[in-house]
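**Q**
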Amino acid sequence: MADLSVDFAGIKSPNPFWLASAPPTNMGSMVERAFDAGWGGAVWKTLGEPIRNVCSRLASVDYGPNRMMGLNNIELITDRPLDVNLREIREVKRKYPKHAVVVSLMVESRREAWHEIVKRAEDTGCDGFELNFGCPHGMSERGMGAAMGQVPDYTCMVTEWVKEAATLPVIVKLTPNVTSINPPARAAVRGGADALSLINTINSVMGVNLDTLVPHPNVGGMAAHGGYCGPAVKPIALNMVSELARDPEVTVPISGIGGISTWRDAAEFLALGASTVQVCTAVMHYGYRIVEDMVDGLTNYLDEKGFRSVGELVGASAPRVTDWGNLDLNYKTVARIDHAKCIQCNLCHVACEDGAHQCIPLVRLEAGRFPVVDEHECVGCNLCYLVCPVPGCISMVRLDDGSQPLTWRELTSRQPQTMTAD
Amino acid sequence: MAENLTPAIPHDEIERNFREIAPALTDAEALFEANRCVYCYDAPCTHACPTHIDVPAFIKKIASGNLVGSARVIFDANPIGATCARVCPVEALCEGACVEKTLMNKPIEIGRLQRYATDFAMSTGREVLKAGEPNGRSVGVVGSGPAGLSCATYLARLGYAVTVYERRPLPGGLDTYGMAEYKMTQRVSTEEVRMVERLGVQFRLGTEVGRDISVEELESAHDGVFLGVGLGETGRLRIPGEELEGVYDALYVIERIKSRRWETVPIGRAVAVIGAGNTAIDAVTQARRLGAERVILVYRRGPSEMPAYEYEYTLAKQDAVEFLWQTAPVEIIGTDGRVSGLRCVRTEPGEPDASGRATVRPVDGTEFDIKVDTVIKATGQQKMREFFASIPGVELDPAGRVMVDPQMRTGNPKFFAGGDCVNGGREAVDASQMGKLAAQGIHLALAGERVEFAGARVPLHEDTQNLKAH
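The following block contains the structure:
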């Protein structure tokens, strides 16, 4: 059976599944129940100066009958006294010595303030720190959270302060609310970060109540932007993780966060270069119990594919991500429709007609009027394959005309005039 | 009549038995089901619907929370959309064609979703359709069943002054008097009629053409006339004993049930129903629900030839109805003027008739008696030949059906017709479509303008294409 244990920048954990710093890690009793359920680690809800929260705090985006495709939170860092949190962290770590207990931190931008909280937190016996440079709402208005993560110089500076005081590994949690994820990531590494975690939540307004015309979530008739998370943000997070995994200046391990709900999501993050994953929304939706299938499913997958450990999967897909200019312009696929499986919903036809390249006409065949792919016109875009509700009905088939691979970069280096065409 | 035919079971049990067979969807169910719809393009359900309602469009409007828009899509193509939502043979029409049936044998519950949207519009009194600007022309509609209601609706939308003549005390025709009570109550039908009234259509109830108003008066009062009179009584069995007390027309029994005054329904303890069409099924299932201990369906052919829909047959089997196949009644036996039994004979298939269907011949010496106290005739309604003979120029085909052109115009240019009297007796939805086509035909004849209402024909998104030549 594959070995799921991980050593993440020196932080050991029985499996790569950690709870992200968020409501599910608000207090000791919760983290203990999570560990009992099978979670390998937990990043404690961010410690800092006392705050006050508002009511209400959460809003979600549904997709059809499916609830919470995306979730938004305007809750701030912990609203519990620091002493209480520190005591509970100590107790949890004593009871669960093999689990990863990481403490998330956020204080004002003063060197002494950071030194002080790092020392107090280290005293608990925890395994490491995560610096919250990503919280996009409330705290950022006070010069903390995303206000740090959005300015690489600040990211570097505060990381350096923390490293001056810390003896334990330091993870810097990055905000996705930047144009490019690479500069703040490199700045954190320059500042001495032992690892990175991403993504924090994305600035979002979740919608508007069309009866009251107040956006969600409603706080006394007003609303503020919050932090977007949940399954909907996964592709954004995967992109940012893969950007860092292939950045030669990012030499530290990555903890992947963003919309992870199943072992499959986790495996995708691992393959793109994360070596642990952190989960929040799925637990807020279904509870700690979801980790059981995450562990079971990932184990079975690794066994089936011949990986002996999680580490062997980490980064396996990272080399497969490149710039568009390195893609083969001569690679050609076309759609094939299996009429024996076709239910004649004609979604492929209308999608191709109105949203693609007009190459799936409805053709009168002996058995009825069927969508038929005109392979000469098909550009292999995948749209029909994506909209088809029948498993295995449409497949994308490789057409090999014998031509040699040719990328845009190669083409424009050979024929510079192509750059100015059109 | 029949004072000794008190129901065998208590009233509250009968009420339970007559609960709706397909109850309303809850909001959660409707949202889930609407989201399950694949939203086919050029959808098979729309093709299969005789009124060609744009089914994916109304379902997606339910999913988006636009219920009044959803109801409008339905009523735009079918003015009796609330009735059809309950009584349509959806298994044979829209739901039978649904791609989710093909894919997973779980079609979208189109009928119940249609009910959900139409219920919303009707219960909230939302204006779904609008009457047209008065155009100064007047049309008389004879019969307020599905065909008449549909025709009246479309004509009102075009600005005609429409008067509907209905011989019964309540409007709605078979929608009101002929639907199995567990599928639909009278109230749905009468509320649907109220929507037609709100378009300005006048209803003259209790007014029979030929008795209370003459054909000539009708003709002189209106610029055009639509005949949606349906069919007549069930035909005679032409066997001895037919006049005995305890022998009823299925339509009469069903009409009594519609009043929900169960004690007035002439159902005994042992009931024989003659015939195997959908009306016969309505009769046997409702006889069981009223407490009849033994209900026997008698049919002179075999089960594979029964005209009733498969799911109707299944319903009857679930209700523990007995079936006597290849059996014909030869005499209704009476005691003191009342039915006490039914004499039957076994039959066998004979030579094929002109249509190729095997004839039926009795097998000598196979007579047998069954003990029943009620006999219900459900062998098909007769054509109203006499009525049509009173209108000059209206011609009937050999089967007694009114002959019309594609504009639903009869041999008399002022008279149009549709529904059962034209097609010989089909579904309410078929009649509704004919009413729509007739309204278009009437408008073309009276105003010289060609209009096309939603679902007047199969929507042709585009002609079938050929692969582009290269």
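Note that the protein sequences, when read in sequence, are chains A and B. If you use our numbering, the first sequence corresponds to residues 1390 to 1811, in order. If you use our numbering, the second sequence corresponds to residues 2 to 471, in order. A virtual CB, placed ideally from N, CA and C, is assigned to each residue, including glycine.
Chain A partners of B/Ala64, CB-CB under 8 Å?
**A** Gly1453
**Q** Grab me the residues of B/Glu14's own chain with a C-beta within less than 6 Å of its C-beta, minus the 5 sequence neighbours each way, in chain order.
**A** none
**Q** Measure the CB-CB distance between A/Ala1626 and A/Met1458 and report whether it falls below 8 Å.
**A** no
**Q** Three or more beta-carbon pairs under 8 Å between the stretch 1508-1518 of chain A and the stretch 1464-1484 of chain A, yes or no?
**A** As far as the Cβ criterion goes, the stretch 1508-1518 of chain A touches the stretch 1464-1484 of chain A, which means the pair count is three or higher.
**Q** Buried or exposed, going by whether 16 or more other CB atoms sit within 10 Å of the CB of B/Ser305?
**A** exposed
**Q** Just checking my contact of A/Asn1700 with A/Val1666 at CB under 8 Å: how many whole Å lie between their CB atoms?
**A** The sequence given here places Gly at residue 1700 of chain A; Asn does not occur at that position. With 8 Å as the limit, A/Gly1700 and A/Val1666 do not qualify as a contact, their Cβ atoms being about 14 Å apart.
**Q** Between B/Pro460 and the rest of its own chain, which residues show a CB-CB distance below 6 Å, the 5 nearest in sequence each way excluded?
**A** none
**Q** Nearest CA to the CA of B/Gly394: which residue from B/Thr411, B/Arg386, B/Gly381?
**A** B/Thr411
**Q** Report the partner residues of A/Ala1448 according to the DSSP bridge assignment.
**A** A/Asn1461
**Q** Taking DSSP's pairing of strands, which residues face B/Gly419 in a bridge?
**A** None, per the DSSP bridge assignment.
**Q** Kindly indicate if chain B contains any beta-carbon less than 8 Å away from that of A/Asn1735.
**A** yes
**Q** Is the beta carbon of A/Asp1654 sitting closer than 8 Å to the one on A/Gly1662?
**A** no
**Q** Which chain B residues sit within Cβ distance under 9 Å of A/Pro1778?
**A** Per Cβ cutoff of 9 Å: Val39, Val100, Glu101, Leu104.
**Q** Using only alpha-carbon positions, find the residue among B/Asp370, B/Tyr42, B/Glu453, B/Glu192 that is nearest to A/Pro1750.
**A** Taking each of B/Asp370, B/Tyr42, B/Glu453, B/Glu192 in turn and checking the Cα distance to A/Pro1750, the smallest one comes out for B/Tyr42.
**Q** Give me, in chain order, the residues of the same chain whose beta-carbon lies closer than 6 Å to that of B/Gln441; leave out the 5 immediate sequence neighbours on both sides.
**A** Val452
**Q** Does the beta carbon of B/Tyr310 come closer than 8 Å to any beta carbon on chain A?
**A** no
**Q** Using alpha carbons as the reference points, say which of A/Cys1741, A/Thr1711, A/Lys1730 lies closest to A/Val1723.
**A** Comparing Cα positions, the closest option is A/Cys1741.
**Q** Relative to the C-alpha of B/Cys46, which candidate in B/Ile214, B/Leu94, B/Val361, B/Val403 has its C-alpha closest?
**A** It is B/Leu94 whose Cα lies nearest to the Cα of B/Cys46.
**Q** Can you check which of these residues, B/Val216, B/Gly236, B/Glu234, is closest to B/Leu228 by C-alpha distance?
**A** That would be B/Val216, whose Cα lies nearest to the Cα of B/Leu228.
**Q** Could you tell me whether any Cβ in chain C is nearer than 8 Å to the Cβ of B/Asn67?
**A** This model lacks chain C altogether; the protein chains it does include are A and B.
**Q** Any Cβ of chain A within less than 8 Å of the Cβ of B/Asn424?
**A** no
**Q** Which residue from B/Asp320, B/Asp374, B/Gly236 puts its Cα closest to that of B/Asp337?
**A** B/Asp374
**Q** Taking a contact to mean a Cβ-Cβ separation below 8 Å, would you say A/Asp1636 touches A/Ala1582 in this structure?
**A** Cβ atoms of A/Asp1636 and A/Ala1582: not closer than 8 Å.
**Q** Residues of chain B with CB under 7 Å from A/His1738, in chain order?
**A** The contact set of A/His1738 on chain B, defined by CB atoms closer than 7 Å, consists of Tyr42 in chain order.
**Q** I'd like to check one pair, B/Thr191 with B/Gly1: are the Cβ atoms closer than 8 Å?
**A** Shown here, chain B extends from 2 to 471; a query on residue 1 of chain B therefore has no answer.
**Q** Under 8 Å, with one C-beta from each stretch per pair, do the stretch 1441-1456 of chain A and the stretch 1490-1501 of chain A reach the 3-pair mark?
**A** no
**Q** Per DSSP, what are the beta-bridge partners of A/Gln1667 in this structure?
**A** A/Trp1407, A/Ile1646
**Q** Using the three-state DSSP reduction, which class does A/Trp1797 fall into: helix, strand or coil?
**A** The answer is helix: DSSP assigns A/Trp1797 an H, G or I state.
**Q** Mind checking B/Met307: buried by the 16 CB within 10 Å criterion, or exposed?
**A** buried
**Q** Of the residues that make up the stretch 1704-1735 of chain A, which ones have a beta carbon closer than 7 Å to any beta carbon in chain B?
**A** Ile1732, Gln1733, Cys1734, Asn1735
**Q** Return the first residue and the last residue of the alpha helix (DSSP H) that A/Leu1814 is part of.
**A** Past the edges of chain A, shown from 1390 to 1811, lies residue 1814 of chain A, and the structure says nothing about it.
**Q** Determine the extent of the beta strand (DSSP E) in which B/Gln434 is found, giving its start and end residues.
**A** Unbroken run through B/Gln434 is the alpha helix (DSSP H), 429-448; no beta strand (DSSP E).
**Q** Go ahead and label B/Glu21 buried or exposed: buried means 16 or more other beta carbons lie within 10 angstroms of its beta carbon, across all protein chains shown.
**A** exposed
**Q** Relative to the C-alpha of B/Gly149, which candidate in B/Lys318, B/Ala29, B/Val226 has its C-alpha closest?
**A** Looking at the Cα atoms, B/Val226 is the closest of the given residues.
**Q** Quick one: does B/Phe121 have its CB under 8 Å from some CB of chain A?
**A** no
**Q** Our contact map puts A/Phe1518 next to A/Gly1538 with C-beta atoms below 8 Å; I'd like the distance itself, whole angstroms only.
**A** The Cβ separation is near 15 Å, so there is no contact.
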